[in-house]
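2 protein chains.
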Amino acid sequence: MSLGEFDLIERYFNRVHHAADQGPRRAVVPNGDDCAVIAPAAGMQLAVSTDTMVEGRHFLSTVDPARLGHKALAVNLSDLAACGAKPLAFTLALTLPRVDERFLAGFASGLLALADEHDCELVGGDTTAGPLAIGITVMGEVPPGQALLRSGAQPGDELWVSGWPGEARLALEAFRGTLKPPLSGEAFEAARLRMEQPSPRVALGLALRGLASSAIDVSDGLLGDLGHVLKRSRVGAAIALGALPVSPWLASRPVAEQQDNVLAGGDDYELLFTAPAARHAEVLAAGQAAGVPVHRIGLVQAEAGLRLLDGGWGAEGPVGWPTANRWTSFDHFRSA
Amino acid sequence: MSLGEFDLIERYFNRVHHAADQGPRRAVVPNGDDCAVIAPAAGMQLAVSTDTMVEGRHFLSTVDPARLGHKALAVNLSDLAACGAKPLAFTLALTLPRVDERFLAGFASGLLALADEHDCELVGGDTTAGPLAIGITVMGEVPPGQALLRSGAQPGDELWVSGWPGEARLALEAFRGTLKPPLSGEAFEAARLRMEQPSPRVALGLALRGLASSAIDVSDGLLGDLGHVLKRSRVGAAIALGALPVSPWLASRPVAEQQDNVLAGGDDYELLFTAPAARHAEVLAAGQAAGVPVHRIGLVQAEAGLRLLDGGWGAEGPVGWPTANRWTSFDHFRSA
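If you want it as C-alpha cells, here you go:
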C-alpha cells in the first residue's frame, strides 16, 4: 500500500481526529510515536492476551464489517474477563488485501464502539498488505494475586457457566446447511448475532474476583475448556446434563443437537467458573449485578476425570445415569 | 491444524518445559492461562508497540528461520529502544501455512535467544493456519515522564544517528541484482547479516533517557523518519552530508549509492535522536557505554523544512552548498 493509503487507514482508527469530545484517555503518549505509553493504576498487575482472526478460518468473507470489528475485540476482552481483569488498552495489527473504505469504516465503527463500551483504548497499530487477518493484543489490570486462574478449582466447588452456550454453533451449522429440520428465520438471526457479535463477560469477571476459585472463557467448547480447568487444578467433576442451560432457540432442536451445541459448540465466549458451594448466593448475586444469568451445572470432585449424569441437581449434586462422553472427539469435525 | 499440531508448536515456545535452569521470570501467571499476568516495577509506565512481518513483503521465503525469529522481535525491541523503555514482555501471534518442525525449531531459537539477551519474556501466543506472518506486541517499562518522544527536538539541538545506516538496503539491492558493480561476497554477507539480523539499540535508548530531547528508530529511511520528528517537534533541520556515517562496506560504493542507502535505505533499526549541543560529550559517552557508535549529522533549526549541505561540520554546524533533496520520493520505488 502507498503512504497515502496508510494515511487513509489511520484516519479511521486515530481517535484524536474525530473524538474531540472524549474525556481523558488512558494513553500518556498516544498512538503515533514509536510506542504508546500507558499508565496502569498504582500497584496493579497487567493481564495480557493475544488473539488473531483469519478470514476463512475464523470468519466468513461475507460477515458485516462492523460485527467483525466487534468480534475481533470481543474475543480478546473475553480473555480479560476470564481473568477478572479490567480492560485498559489494546493494539491492532491489521493485514488487508486492499484498502476498502466501506470495510474500514464499518470495521472501525464496530471495533471502537465495543472499545468505548469497555473503556479500552486503542494505543497502537500496524497495517500490512496481505490476506485479511486481524491480530489484537489486549491489556487489562488486576490487583496483585486476584487474577482468576484455571488452576484454582477445589473439590466441593460448584461449577457454573454464564449465559446460553451453544447458539454460536447453531448459527455455524445453519450456515453450513447441516441442520434438520432447518432453523426458522428468526432463530437463525438470533443465533447469528451471537456468533458474529458475542458479548464479552467483562462485568461478570470483575464481579467474580475474590469469589470464583477458577475461571476460563468458553471458546473451544464447554467440555474441552472444562478439561483445561480440571487438568490445571488436578481435580475431576460431575456435570448434571439436566441442569445445562438451553436457550429458547436451542430448546426447539433435537435433544442430541442441544447437547452437542451446549457441551461442545465453541465460539461462545461465556465464562465457565467454579466457586465454593457456601458462596452459591453470592455467585447468583454477582451474575445479577453483571446483568448475565449464571447457571450451576456441576460439582468439582477430588476423583480425576469427568462424569456426565443425565439427571438434574440432587441433595448432594448432580444425579442420574452415567452418560458416555461422546464429545471428546467432537471437536475434530470442526476443522474438517 | 489439529490439536496435536498445536501441542507441537507450543513445545517450541513454552520455556517452562525446557528452561528449568532459568532464574525467576517476569510473568506472575505464565503463558497458558487465558491471560498472562505481569508485574511492572512499582511506579513504572508501560511502553507498548506492535509490528507484523509478512512473508514476501517483509522477508524472503528463503531467509534462515533463526534470523527471521531474531528480526521479528528485534524490530519491536527497536521501538522500545526509541522510547528509552526497558524490555519487559512480548506476545507472539504466528500464522503458519503448515507445521514445519525445522522452521519452528530455528525460528524459536532465534527469537528466544534475542528475548533472553534483553530479558524480555514471551508471555502469550496464538497460532493460526494461514499465509506465513509474525505479529509481535512488545511491552517495556519507563519511568513516568522519561519516555523519549518524537516531539521534543529544540532549535540548537544536535541531530545524531547511531551505527551505520544503509547496509540493510545494500543487501536488499544485492538480492534484487540492481548493484553495478556487484558486491563482493564478503560485503554481501556482512550487509545481509545487517538486513536479516539487526541489533536493536536498547542499551543506547536507556542511556539516552534524560539526555536526548527526541528519538525515533530508523525503519523507513533516515530522512523519512527525520521528517516525523521535525513535524511533531515543529522545527526544521540542516544535515551535513559530509558528516554522514558510511560503513566500510558502503564506502567502496559509488557516492550517489552511498547517499541513497544512508539517507533513505530503510530497515536500519538505528536510533535517530536529538540532544542539546551543550551535552555533546555526554551523548558520546552514552554511545560508548552502550557499545554503539553515535554520529552527529546535523543541527535542529527553528526554520521549518530540511536543508541538506554538501560539506562537513563548521564552527556553527553543517556547512557546504545546498543540495536538492532527491530522496523525498525515493521511498516509492521500494514498494514498486
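Chains as they are written, first to last, in my numbering: chain F, 1 to 336; chain L, 337 to 672. We treat Cβ as the ideally placed atom computed from N, Cα and C, and that holds for glycine.
Check whether residue i and residue j have beta carbons under 9 angstroms apart
{"i": "residue 462(L)", "j": "residue 514(L)", "result": "no"}
{"i": "residue 364(F)", "j": "residue 162(F)", "result": "The question about residue 364(F) has no answer, for chain F in this structure spans 1 to 336."}
{"i": "residue 450(L)", "j": "residue 413(L)", "result": "yes"}
{"i": "residue 404(L)", "j": "residue 470(L)", "result": "yes"}
{"i": "residue 581(L)", "j": "residue 629(L)", "result": "yes"}
{"i": "residue 593(L)", "j": "residue 586(L)", "result": "yes"}
{"i": "residue 224(F)", "j": "residue 303(F)", "result": "no"}
{"i": "residue 342(F)", "j": "residue 384(L)", "result": "This structure does not reach residue 342(F), given that chain F is present from 1 up to 336, and the question cannot be answered."}
{"i": "residue 539(L)", "j": "residue 625(L)", "result": "yes"}
{"i": "residue 416(L)", "j": "residue 34(F)", "result": "yes"}
{"i": "residue 431(L)", "j": "residue 54(F)", "result": "yes"}
{"i": "residue 159(F)", "j": "residue 226(F)", "result": "yes"}
{"i": "residue 295(F)", "j": "residue 243(F)", "result": "yes"}
{"i": "residue 574(L)", "j": "residue 643(L)", "result": "yes"}
{"i": "residue 13(F)", "j": "residue 122(F)", "result": "yes"}
{"i": "residue 658(L)", "j": "residue 490(L)", "result": "no"}
{"i": "residue 229(F)", "j": "residue 268(F)", "result": "no"}
{"i": "residue 523(L)", "j": "residue 460(L)", "result": "no"}
{"i": "residue 266(F)", "j": "residue 221(F)", "result": "yes"}
{"i": "residue 617(L)", "j": "residue 541(L)", "result": "no"}
Supposed contact pair residue j and residue i - C-beta distance, whole angstroms, cut 8 angstroms
{"i": "residue 388(L)", "j": "residue 93(F)", "result": "4 angstroms"}
{"i": "residue 488(L)", "j": "residue 569(L)", "result": "6 angstroms"}
{"i": "residue 337(F)", "j": "residue 240(F)", "result": "This structure gives no information on residue 337(F), because the portion of chain F shown stretches from 1 to 336."}
{"i": "residue 132(F)", "j": "residue 182(F)", "result": "Not really, about 29 angstroms apart at Cβ, beyond 8 angstroms."}
{"i": "residue 286(F)", "j": "residue 207(F)", "result": "4 angstroms"}
{"i": "residue 84(F)", "j": "residue 209(F)", "result": "4 angstroms"}
{"i": "residue 70(F)", "j": "residue 197(F)", "result": "5 angstroms"}
{"i": "residue 109(F)", "j": "residue 66(F)", "result": "5 angstroms"}
{"i": "residue 410(L)", "j": "residue 536(L)", "result": "5 angstroms"}
Residue i, enclosing beta strand (DSSP E) - first and last residue
{"i": "residue 273(F)", "result": "270 to 276"}
{"i": "residue 462(L)", "result": "457 to 465"}
{"i": "residue 381(L)", "result": "381 to 390"}
{"i": "residue 218(F)", "result": "214 to 218"}
{"i": "residue 162(F)", "result": "157 to 162"}
{"i": "residue 305(F)", "result": "305 to 309"}
{"i": "residue 632(L)", "result": "630 to 637"}
Extent of the continuous alpha helix (DSSP H) run through residue i
{"i": "residue 572(L)", "result": "Element bounds for residue 572(L): not the alpha helix (DSSP H) but the beta strand (DSSP E), 572 to 576."}
{"i": "residue 90(F)", "result": "That residue, residue 90(F), is in no alpha helix (DSSP H); its beta strand (DSSP E) goes 86 to 96."}
{"i": "residue 288(F)", "result": "280 to 290"}
{"i": "residue 37(F)", "result": "Counting along the chain, residue 37(F) falls outside any alpha helix (DSSP H), though it belongs to the beta strand (DSSP E) covering 36 to 38."}
{"i": "residue 533(L)", "result": "Unbroken run through residue 533(L): none, as it is neither H nor E."}
{"i": "residue 146(F)", "result": "Element bounds for residue 146(F): n/a, residue is neither H nor E."}
{"i": "residue 233(F)", "result": "222 to 233"}
{"i": "residue 406(L)", "result": "401 to 419"}
{"i": "residue 584(L)", "result": "584 to 587"}
{"i": "residue 393(L)", "result": "Note, residue 393(L): premise wrong, no alpha helix (DSSP H); not H, not E."}
Min CB distance residue i to chain F below 9 angstroms
{"i": "residue 648(L)", "result": "no"}
{"i": "residue 612(L)", "result": "no"}
{"i": "residue 505(L)", "result": "no"}
{"i": "residue 444(L)", "result": "no"}
{"i": "residue 552(L)", "result": "yes"}
{"i": "residue 620(L)", "result": "no"}
{"i": "residue 483(L)", "result": "yes"}
{"i": "residue 518(L)", "result": "no"}
{"i": "residue 498(L)", "result": "no"}
{"i": "residue 399(L)", "result": "no"}
{"i": "residue 570(L)", "result": "no"}
C-beta neighbour in chain L for residue i, strict 9 angstroms
{"i": "residue 54(F)", "result": "yes"}
{"i": "residue 258(F)", "result": "no"}
{"i": "residue 395(F)", "result": "Here chain F has residues from 1 to 336 only, and residue 395(F) is not among them."}
{"i": "residue 104(F)", "result": "no"}
{"i": "residue 139(F)", "result": "yes"}
{"i": "residue 120(F)", "result": "no"}
{"i": "residue 144(F)", "result": "yes"}
{"i": "residue 202(F)", "result": "no"}
{"i": "residue 151(F)", "result": "yes"}
{"i": "residue 280(F)", "result": "no"}
{"i": "residue 14(F)", "result": "no"}
{"i": "residue 85(F)", "result": "yes"}
{"i": "residue 330(F)", "result": "With a pLDDT of 43 at residue 330(F), under the threshold of 50, the modelled position of that residue is not reliable, and the figure given next carries that caveat. Not one chain L Cβ lies under 9 angstroms of residue 330(F)."}
Residue i: contacting residues in chain B (beta-carbon distance under 7 angstroms)
{"i": "residue 557(L)", "result": "In summary, chain B is missing from the structure at hand, where the protein chains are F and L."}
Take every Cβ of the stretch 122 to 137 of chain F, pair it with every Cβ of the stretch 161 to 175 of chain F, and state whether three or more of those distances are shorter than 8 angstroms. no
If contact is defined by three or more beta carbon pairs under 8 angstroms, each pair taking one atom from either stretch, is the stretch 376 to 395 of chain L in contact with the stretch 470 to 483 of chain L? In short, these stretches touch, since the Cβ pair count reaches three.
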